[in-house]
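Residue numbers (my numbering): 4 to 208.
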């Protein structure tokens, strides 16, 4: 049997000549594991009441309130602010600085300052499956974003968004639809299947 000390790769490792960066595939695996560990730690320490599926990712500086529910492979970008009772379907992504806010003060009573007017009952904000919400978009609490919809960067969504609509502007309006009816049916069938395993893309180049 060979002496382990005579194996070339062992000598290289002992001299620290090999690192995960020498193998792109290994480095991607290491980064994915570290990212998953970080997400798990953040969820357990800062969002213990959150209910999340597999492959959940949360960026730095994210603020999540009570009642958060996310399906599989949901991505929450850095510095996003999510009000109570946000429910997100599988494969959906919120870019950086997305805010789900508003409808959290009574303001219809004359003679009472808003600061003393109390809070209305909490409402659920529903974001469907395979939804993309662009950088800096604002969603008013209680809206529903249909499956497959795309919300443009900087949009302010004040009303429900139909499935597969692409919306933008202030206030947001429908610009066009992502798929025609036949394509929507194909995509809906995929969304109804057990979730697929995949990987988030790297940063834009």
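Every residue, glycine too, gets a C-beta built ideally from N, C-alpha and C.
Could you check whether residue 146 and residue 97 sit closer than 8 Å to each other, using their CB atoms as the reference points? Against the chain shown, residue 97 aligns to sequence position 94. Against the chain shown, residue 146 aligns to sequence position 143. No, the Cβ-Cβ distance between residue 97 and residue 146 is not below 8 Å.
Could you tell me whether the segment 192-200 touches the segment 159-169, where touching means 3 or more Cβ pairs closer than 8 Å? No: the two stretches stay apart, fewer than three of their Cβ pairs being nearer than 8 Å.
Among 173, 177 and 189, which residue has its Cα nearest to the Cα of residue 148? Translated into the one-based positions of the chain shown, residue 148 becomes position 145. Closest by alpha carbon: 177.
Short of 7 Å in beta carbon distance, which residues of its chain neighbour residue 117, apart from the five on each side in sequence? Order them along the chain. Position 114 of the chain shown holds residue 117. Only residues of its own chain outside the window of five on either side were considered, and among them 108 and 110 have a CB closer than 7 Å to the CB of residue 117, listed in chain order.
Select from 123, 153 and 144 the residue whose C-alpha is nearest the C-alpha of residue 134. Walking along the chain shown from the start, residue 134 turns up at place 131. When only C-alpha atoms are compared, the closest one is 153.
What whole-angstrom Cβ distance do residue 95 and residue 130 have, given they're in contact under 8 Å? For this step, residue 95 is matched to residue 92 along the chain shown. For this step, residue 130 is matched to residue 127 along the chain shown. 6 Å between Cβ atoms; contact.
On the DSSP letters alone, give me the boundaries of the alpha helix (DSSP H) that residue 143 sits inside. Taking the chain shown and counting its residues from 1, the one referred to as residue 143 is at position 140. It is not in any alpha helix (DSSP H) - residue 143 instead sits in the beta strand (DSSP E) that spans 141-143.
What residue range is occupied by the uninterrupted alpha helix (DSSP H) comprising residue 138? On the chain shown, position 135 is the one that residue 138 refers to. That residue, residue 138, is in no alpha helix (DSSP H); it is neither H nor E in DSSP.
Given residue 75, which residues of its chain have a CB within under 7 Å of its CB, disregarding the five upstream and five downstream residues? Taking the chain shown and counting its residues from 1, the one referred to as residue 75 is at position 72. So the qualifying residues of the chain are 56, 57, 58, 93 and 198.
Considering residue 189, what are the terminal residues of the beta strand (DSSP E) in which it resides? By 1-based counting over the chain shown, the position of residue 189 is 186. Counting along the chain, residue 189 sits inside no beta strand (DSSP E); it lies in the alpha helix (DSSP H) bounded by residues 184-195.
Which same chain residues, not among the five before or five after residue 123, have their C-beta less than 8 Å away from its C-beta? Along the chain shown, read from residue 1 onward, the residue named residue 123 stands at position 120. Within the same chain, residue 123 has close Cβ partners 106, 107, 108 and 109.
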